[in-house]
Amino acid sequence: MGLHPLEFSECYLDSPSFRDKIKSHEAELDKTNRFIKELYKDGKNLINATKQLGMAQRKFAQCLGEFQFEYIGDAKTDDEKCIDESLQEFSAFLKNLEDQRELMMRNITETLMKPLEKFRKEQLGALRTERKRYEKETEKYYSSLEKLLNMSSKKKEPQLQEADTQVEVMRKHFQEESLDYVCKLQEIQERKKFECVEPMLAFFQTVFTFYHQGFELAKDFDHYKRALQINIQNTRNRFEGTRSEVNELMKRIREAPQEYRQTSPISFEGYLYVQEKRPPPFGSSWVKRYCTFVKEQKILHMVTFDHRSGGKIGETESITLKSCVRKTTDVLDRRFCLDLDITDRPGTVLTVQALSEDDHKFWMQAMGGKEPIGHYLTRTYSKERGIDAQLDDVGFSFVKNSISAIEKRGINDQGLYRIVGVSSKVQKLLSLMIDEKSDEVDLSASEDWDVKTITSALKLYLRSLPEPLMTYELYKEFISPAKGGSPESRIQAVHCLVHKLPERNRQVLGLLMKHLANVAAHSKQNLMTVANLGVVFGPTLMRPQEETVAAIMDLKFQNIVVEILIEHHEKIFTDAPESCPLSPDAPVLSAPTRHSKKMSRQNRPLAVYNPQALDIQNASAVGDGSSPAPDETSMGSNESVSSQSSSASASEVNMEKSDHVPLNASLSSGSNSGSGTAAASCSAPGSSGESQTAATKATSDKERQEESVTSRKARAVYPCEAEHDSELSFHVGDIFNGVTQSREPGWLEGELEGKRGLIPENYVEML
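For the sequence shown, position 660 matches number 2042 in the numbering used here, and the numbering has no gaps at all.
Structure (structure tokens):
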């Protein structure tokens, strides 16, 4: 057991156990302080020793570099050049190596020494001051309290009241100091985990980088060494040769000098003041930049330059010009301004100001500027309404729409889901998308909303739900397996808990996890690994109903749960769990005996909510007269939390009463009937002599029900590859005709491209 969390409520009790907890925290931080001091001292010694080595190496390199061979004549062969430059190369090699070593030492100072010392002084030192203040307030308060309690009751009432008031003020001040101290203690306990280890990680990365640089330098030098050996041998062989060849070489070099032709595609250049807009309430600023316009490519290069500082500021920025329009003074109270429409950033207009009227004309001519036509159109928005996020069909449609747009337009964007959009735009988008009266916007095709706005709106929608997607009720159960056990047991526990979620919650969660797995698969481009996504979506998908210090310490476990869901989404959301511990509150009913066999075709991923299919199933169930209402069913087997088929017979209903799982819940992999006939002929519990008659009647009713929906159509929401000749293969968006309910549980029959076959029911939505 580690350190106990310090609850704020205990500050008011100030019990002995609370004081012991505080002492444990203080002792741990004292140990950390001693460790950092010793490490800092050893690090200083290491840096000093390395500096001495570097100084000796640099002196040796300087000696090599200062010597230079002299040659007769005014030209040198390649071999001679290499020999002439060899000592400088040796010197440069050593200097380069020492530059890397010096850089390593600077990095060690910046990434290891300074952060550790800063943490020790600013955090641990400040805590020591807080501790003294806390102890002083403790002594002051309890001394006053003892004086008050020792006062004679015979003193006058005003004196007693005044003493009571003084002690009460001291008590409040003491308790406030206690709250601040406890908060600071726990903050530093959590902070030290990364404040101490992260600099060490940076230290080793720096050391390994230095050795890697040395290895790379050695590889490069090996090639140079071999070439230099050949140069030396060639020079030695030519030493006794005739000088005529050298003279001829010199002649050829002189007769064939390199020709340089400098062509300038620049049409105009000079200074412009560029308007840089800032978020409210800061307005905008005008920055002077030296601009070069290349007419052929319509590229404008801009370099920020301030004569007063005498140096270049910032990097060169290049933009591609689409059009140039003169900006009138009635639009902007500045003269000599131009509006530049930029190709690189559609919809972005850059406003610049020339230095004079003549300068303004030159820029207009160079850029092909035009006079303004009419006035600027502005887009107005209606007053933003409050966000009423619900887990209904509208919300589900928004989630699917957002995911589709993100995967189509921004799956490789760096920092996906981490970089947030503008708050006002995010709220406008979400309000628009969850408004039932507004027309649905296809975010995949619309350029009005950038990707970061869509991702932020999706997160805001999930955070705005009345209850977290993973529910308050199951919060502690989800957190529990993340705190211990083997990886396999964690996955199994989370798998079981997911299937305890309400049907709609599970569908949305499954859709989201499949999407996040796709995002993580592109982490080389977007830098969003599974761990990063866990940090982003942990607090969004699950949170406790009551906030305490202990609950706040569980934040890191939320991330683990989300990571499990992302990494194992196919198993968790496709198959029902094989076995789960029964809830102690759930009554257990024995399931009717029936014949069953495993069918691979029923191991399908959970699909979207299908109200039409639900209506068909409910109607079929009424026709059979054998399926109890959802609120009358309870778990009949521990094979699956939500194991059932779309058949109407009560013997195939297997759900938890508390979950109220709809009748089109996910299929189990081992508890469904193996044949349609067997499923149709199952009798309700309690029926005996009339079972055959009831089964015949139910079959006839079911056939009539299927005939009534012969003309129905369905659309594929998941792709599928047929595993048997009787099944259909299809892609997302394919339309099926003549869709009817199959006698095989969990399947439909339909026609696609002239072929009729079986369709997994949870792969389609009815039209």
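Quick reminder that beta carbons are idealized off the backbone N, C-alpha and C, glycines included. Owing to the predicted nature of the structure, the values given are computational and were not obtained by experimental measurement.
Check whether residue i and residue j have beta carbons under 8 Å apart
{"i": "I1942", "j": "A1864", "result": "yes"}
{"i": "S2108", "j": "L2140", "result": "yes"}
{"i": "R1716", "j": "M1746", "result": "no"}
{"i": "S1700", "j": "I1724", "result": "no"}
{"i": "S1535", "j": "V1549", "result": "no"}
{"i": "G1892", "j": "H1951", "result": "yes"}
{"i": "L1811", "j": "A1839", "result": "yes"}
{"i": "N1900", "j": "R1800", "result": "no"}
{"i": "M1895", "j": "F1939", "result": "no"}
{"i": "P1921", "j": "L1937", "result": "yes"}
{"i": "L1498", "j": "C1578", "result": "yes"}
{"i": "L1842", "j": "N1887", "result": "no"}
{"i": "L1814", "j": "T1853", "result": "no"}
{"i": "Y1422", "j": "M1495", "result": "yes"}
{"i": "K1790", "j": "S1828", "result": "no"}
{"i": "A1748", "j": "K1677", "result": "yes"}
{"i": "H1904", "j": "I1785", "result": "no"}
{"i": "T1686", "j": "V1713", "result": "no"}
{"i": "V2186", "j": "F1919", "result": "A question about residue 2186 goes unanswered here, because the residues of the chain that appear run from 1383 up to 2149."}
Environment of residue i [buried if 16+ CB atoms lie within 10 Å]
{"i": "N1908", "result": "buried"}
{"i": "M1533", "result": "exposed"}
{"i": "D1721", "result": "buried"}
{"i": "S2022", "result": "Note that S2022 scores 30 on pLDDT, short of 50, meaning its location in the model is unreliable; the coordinates nonetheless yield the value given after this. Burial call: buried."}
{"i": "H1877", "result": "buried"}
{"i": "P1540", "result": "exposed"}
{"i": "M1437", "result": "exposed"}
{"i": "L1844", "result": "buried"}
{"i": "K1752", "result": "exposed"}
{"i": "Y1356", "result": "For residue 1356 there is no data in the structure shown, the boundaries of the chain being 1383 and 2149."}
{"i": "S1972", "result": "Its pLDDT being 31, under 50, S1972 is placed unreliably by the model, and nothing is read from it."}
{"i": "R1608", "result": "exposed"}
{"i": "I1612", "result": "exposed"}
{"i": "T1645", "result": "Bear in mind that a pLDDT of 36 at T1645, under 50, signals an unreliable position, so the model cannot answer this."}
{"i": "P1398", "result": "exposed"}
{"i": "D1774", "result": "exposed"}
{"i": "H1742", "result": "buried"}
{"i": "K1403", "result": "buried"}
{"i": "P1993", "result": "Here the model assigns P1993 a pLDDT of 35, short of 50, so the residue's position is not dependable and the matter cannot be decided."}
{"i": "R1488", "result": "exposed"}
{"i": "S1806", "result": "exposed"}
{"i": "L1385", "result": "exposed"}
{"i": "V2146", "result": "buried"}
{"i": "R1401", "result": "exposed"}
{"i": "D2116", "result": "buried"}
{"i": "K1834", "result": "buried"}
{"i": "R1872", "result": "buried"}
{"i": "D1604", "result": "exposed"}
{"i": "M2148", "result": "buried"}
Residue i CB to nearest heavy atom of the ligand HEM below 7 Å
{"i": "R1483", "result": "As far as ligands go, the structure on display features none, and thus does not contain the ligand HEM."}
Interface flag, residue i vs chain C, CB-CB below 8 Å
{"i": "V1781", "result": "Reference to chain C is not applicable here, since this structure consists of a single protein chain."}
Counterpart residues of residue i in DSSP-defined beta bridges
{"i": "R1483", "result": "Beta-bridge pairing links R1483 to no other residue."}
{"i": "A2098", "result": "V2146"}
{"i": "F1650", "result": "F1675"}
{"i": "F2112", "result": "C2102"}
{"i": "S1666", "result": "K1659"}
{"i": "N2119", "result": "E2133"}
{"i": "L1682", "result": "F1675 and I1701"}
{"i": "C1719", "result": "K1709 and Q1735"}
{"i": "L2140", "result": "E2109 and E2131"}
{"i": "K1752", "result": "V1707"}
{"i": "I1724", "result": "L1703"}
{"i": "D1795", "result": "None, per the DSSP bridge assignment."}
Any 3 or more C-beta pairs closer than 8 Å across the stretch 1561-1577 and the stretch 1400-1416: yes
Any 3 or more C-beta pairs closer than 8 Å across the stretch 1462-1481 and the stretch 1440-1451: These segments touch.
Continuous alpha helix (DSSP H) assignments of at least 4 residues falling wholly in the stretch 1888-1944: 1905-1908, 1912-1923 and 1931-1934
Inter-stretch contact at 8 Å, needing at least 3 Cβ pairs: the stretch 1420-1440 / the stretch 1503-1519: no
Validate contact between the stretch 1461-1472 and the stretch 1411-1428 using beta carbons, cut 8 Å, 3 pairs: no
Contact between the stretch 2115-2134 and the stretch 2093-2100 (3+ Cβ pairs under 8 Å): yes
Entirely enclosed beta strand (DSSP E) segments - the stretch 1544-1570, minimum 3 residues: none
Secondary structure, beta strand (DSSP E): runs of 3+ residues fully inside the stretch 1463-1523: none
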